[in-house]
Amino acid sequence: TGVQTCALPIWALSSDVSGKVAVATTTLAELNFVSGVTSAVQTQLNGKAALQSTAAVSTDITLTANTIALVDTTAARNLTLPAASSNAMLVVKDSTGSADSNTITVNGGAGLIDGASSTTITSSYGSIMVVSNGTNWFIV
1 TGVQTCALPI
11 WALSSDVSGK
21 VAVATTTLAE
31 LNFVSGVTSA
41 VQTQLNGKAA
51 LQSTAAVSTD
61 ITLTANTIAL
71 VDTTAARNLT
81 LPAASSNAML
91 VVKDSTGSAD
101 SNTITVNGGA
111 GLIDGASSTT
121 ITSSYGSIMV
131 VSNGTNWFIV
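Our numbering applies: residue 1 is where the sequence shown begins, and numbers increase by one.
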């Protein structure tokens, strides 16, 4: 007389190499990760700027975009960001642990860093990551 229910597994469907419907091995958790995605995930990943190199920095220099700068703080350093360009990223890291006494000043160059002309790393092994919108730099 009453309606009975039973729990059924949740399946995702895909097609096999011949185009026939097949049960996918994708889990519900995996499907939930991509819920709301409006374009190809790989296209989105390809559009992200990659940090392409690591540079040891032991002098005052103008940095290169898309680089992790490992800064020697045996002396205070004054670094300048490159010209801002869309999707550029940069990481500046105290690699020797002395920024509490030998600070790292990062200058924005032609752009600003979070609205200021510079920012300073003052903690041992401290770091900042900045991204650019093509005009200015932003700490993330």
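Built from N, CA and C at the ideal position, the CB exists for glycine as well.
Check	Outcome
To which residues of the same chain is Ser-229 closer than 8 Å at the C-beta, ignoring the five residues directly before and after it?	Because the chain spans 1 through 140 in this model, residue 229 falls outside it and cannot be assessed.
Spatial neighbours of Ser-118 within its chain, please: CB distance less than 7 Å, with the 5 preceding and 5 following residues excluded, ordered by chain position.	Thr-105, Val-106, Asn-107, Gly-108
Can you list, in chain order, the stretches of the alpha helix (DSSP H) that have 4 or more residues and sit fully within the segment 41 to 127?	41 to 46
Is Thr-59 buried or exposed, if buried means 16 or more other CB atoms sit within 10 Å of its CB?	exposed
CB-CB under 7 Å to Ser-141, same chain, minus the five flanking residues each way: which ones, in chain order?	The structure shown does not extend to residue 141, since the chain is modelled only from 1 to 140, so the question has no answer here.
Is Ile-113 buried or exposed, if buried means 16 or more other CB atoms sit within 10 Å of its CB?	buried
For Ala-116, which residues of its own chain have a beta-carbon under 8 Å away from its beta-carbon, when the five flanking residues on both sides are left out?	Gly-108
Using the rule of at least 16 other Cβ atoms within 10 Å of the residue's Cβ for burial, across every protein chain shown, is Ile-121 buried or exposed?	buried
Report the three-state DSSP secondary structure of Ala-29 (helix, strand or coil).	helix
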